[in-house]
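Student: Got a structure for you, written out below as C-alpha cells; questions coming shortly.
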C-alpha cells in the first residue's frame, strides 16, 4: 500500500487521521488548530514542495505517513531543561522526529548544545524548525502540536520516538547543494553562537560585518562549516548594528568558508534534482527543504521530483542545519 506523502486539503487530512493513520503534518496554524485527535504530530509552515511544485497555502497541509514498520510510537514534550535527553530516550533501532518552534529558547539551546548531548549522532533524529509566513516571522509565534492530546506549544519541542524491526534501519541523508573553494578565506570564530562580531580570517582577527562588506558577499548564500568532513550550512539572518545574525550557530574551533556563488540562485534547482535522483527507488520516510531555498531559488511552482515535503525554518539531521534538504530512508540491513 502506498504511503501518504503529499499536499492534502483539510477534509482529506481529517479523514486520514480518523482512519488511524500515523502522520507527520506541516501546515498553517489555522489548519493545524482544527484537526481532531489522532496519531499525528505537526508544526507550522505554509510552504511545501508538492508533486506539482513549490506551494504556499494556508488551507492545505503536507502530510507524511509513517512507515508501517515503525512501531512503539512514543510522543514526548521536551523543554529547554530536558532536551538534552532526546537522544538517550530514542529507540536503540529506530528513528525520532523532532519539531521545534522557531526562535524559542529551546531552538537556541538545541542549536548550540546538541553535539554535547548524550548519544548524539548514534540514534537517528530528523525533523524541522516550525515557522510562519515569512512576512510574519518573529511577529507571529511558531507552534508545534501533539495530535494525541491536541496540545500546541510555542516554547517546547514535540518528539515522536519510533522503533524499527532489526531487519531494517533508518538512514539519514543531508543534501547540500552549496560548495566552497580553497580560494575562499578560511574563517574561525572566537565563541559559539547565533550572533557574531569578530572572526579570524586566515588567523587574523577582523570585524565580521566589515569583512562581509569588503568582500561584497551575497548573504543569500550560507557559511559552510567542515564538521568532521561533512559540509554543514549556516544561513545569514541579517546584519544589525555590526552584529552578523545567523539561523544556526557557529562553533569555535570549526573551519568555515563562505559558499561559492554560482551566478543565478535558480541554477541550484538542477543541482537539487541531480542529487535527489538517487532516492527515487528507496522508501523515503521523511524529507524537508529550507524555506530560504524556496525564497531565494524562486521555487514556487517549480518541481523537484523526489523531494516532496515542507519548506522549513531550519532542518534537523541529528543537529540544526540551514539551506539543505534532509532525507530519511528506511533501508534493509
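Residue numbers (my numbering): 2 to 334.
Heads up, the beta-carbon is just placed ideally off N, CA and C, and yes, glycines get one too.
(1) Starting from the Cα of residue 125, find the closest Cα among 113, 134, 147, 96 and give me that residue.
(2) Rounded to the nearest angstrom, what separates residue 156 and residue 72 at their Cα positions?
(3) Since I believe residue 4 is in contact with residue 40 (beta carbons under 8 Å), could you give me their beta-carbon distance rounded to a whole number of angstroms?
(4) By a C-beta neighbour count over all protein chains shown, 10 Å radius and 16 as the cutoff for buried, is residue 258 buried or exposed?
(5) Measuring only the C-alpha atoms, how far is residue 182 from residue 260?
(6) Buried or exposed: which applies to residue 142, given that a residue is buried once 16 or more other Cβ atoms fall within 10 Å of its Cβ?
(7) Starting from residue 15, trace the beta strand (DSSP E) both ways and give me its first and last residue.
(8) Is DSSP giving residue 231 helix, strand or coil here?
(9) Got a sec? Which residues, its chain only, sit under 6 Å from residue 49 by beta carbon, not counting five neighbours each side?
(10) Going by DSSP, what residues sit across from residue 45 in a beta bridge?
(11) Measure the CB-CB distance between residue 197 and residue 245 and report whether it falls below 8 Å.
(12) Within a Cβ cutoff of 6 Å, which residues of the same chain sit near residue 276, ignoring the five residues on either side of it in sequence?
(13) Less than 8 Å separating the beta-carbons of residue 314 and residue 131?
(14) From 46, 153, 195, 150, pick the residue whose C-alpha is nearest to that of residue 137; which is it?
(15) Buried or exposed, going by whether 16 or more other CB atoms sit within 10 Å of the CB of residue 65?
(16) Is the separation between the beta-carbon of residue 296 and that of residue 54 shorter than 8 Å?
(17) What residue range is occupied by the uninterrupted alpha helix (DSSP H) comprising residue 209?
(18) From this set, 319, 61, 326, 325, which residue's C-alpha is nearest residue 98's C-alpha?
(19) As an exercise, report each continuous beta strand (DSSP E) stretch of at least 3 residues that is fully enclosed by the stretch 101 to 175, in chain order.
(20) What number of angstroms, rounded off, separates the C-alpha of residue 194 from the C-alpha of residue 252?
(21) I'd like to confirm the pairing. Which residues does DSSP put opposite residue 290 in its beta bridges?
(22) Are residue 209 and residue 199 close, meaning C-beta to C-beta below 8 Å?
(23) Please report the residue range of the beta strand (DSSP E) in which residue 240 lies.
(24) For residue 113, which option in 218, 151, 247 has the closest C-alpha, if you only look at C-alpha atoms?
(25) Rounding to the nearest angstrom, what Cα-Cα distance links residue 212 and residue 33 in this structure?
(26) Does the Cβ of residue 140 have 16 or more other Cβ atoms within 10 Å, making it buried, or fewer, making it exposed?
(27) Measure the alpha-carbon distance for residue 191 versus residue 105 and round it to whole angstroms.
(28) Rounded to a whole number of angstroms, what is the C-alpha to C-alpha distance between residue 87 and residue 186?
(29) Note down, in chain order, each residue of its chain lying with its Cβ closer than 6 Å to the Cβ of residue 1, except the 5 sequence neighbours on either side.
Tutor: By the coordinates alone:
(1) Locating residue 125 in the chain shown gives position 124, counting from the first residue. Residue 125 has its Cα closest to that of 96, out of 113, 134, 147, 96.
(2) Stepping through the chain shown from its first residue, residue 156 is reached at position 155. Stepping through the chain shown from its first residue, residue 72 is reached at position 71. One alpha carbon belongs to residue 156, the other to residue 72, and they sit about 28 Å apart.
(3) As a working note, residue 40 is residue 39 in the chain shown. As a working note, residue 4 is residue 3 in the chain shown. The C-beta distance from residue 40 to residue 4 rounds to 14 Å, too long to fall under 8 Å, and the pair is not in contact.
(4) The residue given as residue 258 occupies position 257 in the chain shown. Per the 10 Å Cβ criterion, buried.
(5) Numbered from its first residue, the chain shown carries residue 182 at position 181. Numbered from its first residue, the chain shown carries residue 260 at position 259. Residue 182 and residue 260 have their C-alpha atoms spaced approximately 8 Å apart.
(6) Taking the chain shown and counting its residues from 1, the one referred to as residue 142 is at position 141. Burial of residue 142 is indicated by the presence of at least 16 other C-beta atoms within 10 angstroms of its C-beta.
(7) Numbered from its first residue, the chain shown carries residue 15 at position 14. Where residue 15 is concerned, there is no enclosing beta strand (DSSP E), although the alpha helix (DSSP H) it sits in stretches over 11 to 19.
(8) What you label residue 231 is simply residue 230 of the chain shown in a count that begins at 1. Reduced to three states, the DSSP call for residue 231 is strand.
(9) Within the chain shown, numbered from 1, the residue matching residue 49 stands at position 48. In the same chain as residue 49, and ignoring 5 residues on each side of it, the C-beta atoms closer than 6 Å to its own belong to 8, 56, 63, 311, in chain order.
(10) What you label residue 45 is simply residue 44 of the chain shown in a count that begins at 1. According to DSSP, residue 45 bridges with 28.
(11) Looking up residue 197 in the chain shown gives position 196. Looking up residue 245 in the chain shown gives position 244. If you check the CB distance, residue 197 and residue 245 come in under 8 Å.
(12) Reading the chain shown from its first residue, position 275 is the one you call residue 276. Excluding sequence neighbours, residue 276 sits near 176.
(13) Sequence index remark: in the chain shown, residue 314 carries index 313 (1-based). Sequence index remark: in the chain shown, residue 131 carries index 130 (1-based). For the pair residue 314 and residue 131, the CB atoms are nearer than the 8 Å cut-off.
(14) The sequence position of residue 137 within the chain shown is 136, counting from 1. When only C-alpha atoms are compared, the closest one is 46.
(15) For this step, residue 65 is matched to residue 64 along the chain shown. By the 16-neighbour rule on beta-carbons within 10 angstroms, residue 65 is buried.
(16) Indexing the chain shown from 1 puts residue 296 at position 295. Indexing the chain shown from 1 puts residue 54 at position 53. No, the pair does not count as a contact, with Cβ atoms beyond the cut-off.
(17) Residue numbering aside, residue 209 sits at position 208 when the chain shown is read from its first letter. Where residue 209 is concerned, the enclosing alpha helix (DSSP H) stretches over 209 to 216.
(18) By 1-based counting over the chain shown, the position of residue 98 is 97. Residue 319 is the option with its Cα nearest to residue 98.
(19) As far as the stretch 101 to 175 is concerned, its whole beta strand (DSSP E) runs of at least 3 residues are 126 to 131, 145 to 147, 152 to 154, 158 to 164.
(20) Taking the chain shown and counting its residues from 1, one reaches residue 194 at position 193. Taking the chain shown and counting its residues from 1, one reaches residue 252 at position 251. Residue 194 and residue 252 have their alpha carbons spaced roughly 7 Å apart.
(21) For the purposes of this step, residue 290 is taken as residue 289 along the chain shown, with counting starting at 1. BP columns for residue 290 point to 312, 326.
(22) Here residue 209 is taken as the residue at index 208 of the chain shown, counted from 1. Here residue 199 is taken as the residue at index 198 of the chain shown, counted from 1. Between residue 209 and residue 199, the gap from beta carbon to beta carbon is short of 8 Å.
(23) On the chain shown, position 239 is the one that residue 240 refers to. Taken as a continuous stretch (DSSP letters only), the beta strand (DSSP E) holding residue 240 covers 237 to 241.
(24) Here residue 113 refers to the residue found at position 112 when the chain shown is read from its first residue. When each option's Cα is compared against that of residue 113, the closest is 247.
(25) Translated into the one-based positions of the chain shown, residue 212 becomes position 211. Translated into the one-based positions of the chain shown, residue 33 becomes position 32. Straight through space, the alpha carbons of residue 33 and residue 212 are spaced by roughly 43 Å.
(26) Residue numbering aside, residue 140 sits at position 139 when the chain shown is read from its first letter. It is exposed - the Cβ of residue 140 has fewer than 16 other Cβ atoms within 10 Å.
(27) The count along the chain shown starts at 1 and reaches residue 191 at position 190. The count along the chain shown starts at 1 and reaches residue 105 at position 104. Cα to Cα, residue 191 sits roughly 24 Å from residue 105.
(28) For the purposes of this step, residue 87 is identified with residue 86 of the chain shown, where counting begins at 1. For the purposes of this step, residue 186 is identified with residue 185 of the chain shown, where counting begins at 1. Their Cα atoms are separated by approximately 36 Å.
(29) With the chain covering only 2 through 334, there is no way to say anything about residue 1.
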